[in-house]
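A quick write-up on the structure given underneath.
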Amino acid sequence: MALEVNIQRNKDVSLWREYKDEEGNVLAEFKIRGIGYKPYQVALERANNQITAKGFDVAKASPDDKLFHELLLEAVACHLIEDWKGVVFVEEGPNGEQLKSEPAYNAENATKLLNMGDLGVSLWSFIRTESEKIQSDANQYRDDVVGKSQPSTPTRTSTRGSRTTKKSKEKHSA
Numbered sequence: 052m053a054l055e056v057n058i059q060r061n062k063d064v065s066l067w068r069e070y071k072d073e074e075g076n077v078l079a080e081f082k083i084r085g086i087g088y089k090p091y092q093v094a095l096e097r098a099n100n101q102i103t104a105k106g107f108d109v110a111k112a113s114p115d116d117k118l119f120h121e122l123l124l125e126a127v128a129c130h131l132i133e134d135w136k137g138v139v140f141v142e143e144g145p146n147g148e149q150l151k152s153e154p155a156y157n158a159e160n161a162t163k164l165l166n167m168g169d170l171g172v173s174l175w176s177f178i179r180t181e182s183e184k185i186q187s188d189a190n191q192y193r194d195d196v197v198g199k200s201q202p203s204t205p206t207r208t209s210t211r212g213s214r215t216t217k218k219s220k221e222k223h224s225a
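Under the working numbering, read the sequence shown as residues 52 to 225, first letter to last.
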């Protein structure tokens, strides 16, 4: 008798996706990680924990506190975007002129893109949706190759129809 276990080294997956306008023109490309990427999941937990830890006392809110949606945008920027092509920042220069730059991907630039860019929420939605699709496809492929695991013991899934519970049995016997 032997228990065979497939050891998985890397469950992370990322793919290039095109961000298009309404006419179908490619505006930029993003290398997006699957939504199961562990650092992203940790970032989401921390965002939720921060909200819980700060409490509901609105009088203690400070200018340094981040809004929940800002934390979500930052989590996507830092962890689901792995790289990009064709992203151009247009910023106002010291004399009011429009300065264009094509920044390299890094977490700081990605956060700037999603939090301060005029397309930030739209890009966030696109990246989240694509990330979910990428992870779903990867999970399906894994299940097809490795096979879905079966429960080790048969269990009763429904307790419907059973009118007695442990507590009610204790009441009746007392």
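Glycine is no exception: its CB is placed at the ideal position from the N, C-alpha and C atoms.
Three or more beta-carbon pairs drawn from the stretch 114-132 and the stretch 80-90 are found closer than 8 Å, and the two stretches are therefore classed as touching.
With three or more CB-CB distances shorter than 8 Å, the stretch 171-190 counts as touching the stretch 62-80. Where L131 is concerned, there is no enclosing alpha helix (DSSP H), because DSSP gives it neither an H nor an E. Scanning the stretch 67-114 for uninterrupted beta strand (DSSP E) segments of 3 residues or longer gives 77-84, listed from N- to C-terminal end. Beta-bridge analysis with DSSP links E143 to Q149. For M167, the enclosing alpha helix (DSSP H) starts and ends at 158-167.
Taking 8 Å as the cut-off, the beta carbon of K151 is found no closer than this to the beta carbon of V138.
T162 is classed as buried because its beta carbon has at least 16 other beta carbons within 10 Å across all chains shown. With contacts defined by Cβ atoms closer than 8 Å, A98 and A53 do not form a contacting pair. Taking Q186 as the centre and dropping the five residues before and after it, the same chain places the C-beta of G85, I86, G87 closer than 6 Å to its C-beta, in chain order. For the pair V64 and A189, the CB atoms are nearer than the 8 Å cut-off.
Between K136 and A94, the C-beta gap is not smaller than 8 Å, which leaves the two residues out of contact. Secondary structure at K62: coil, using DSSP grouped into helix, strand and coil.
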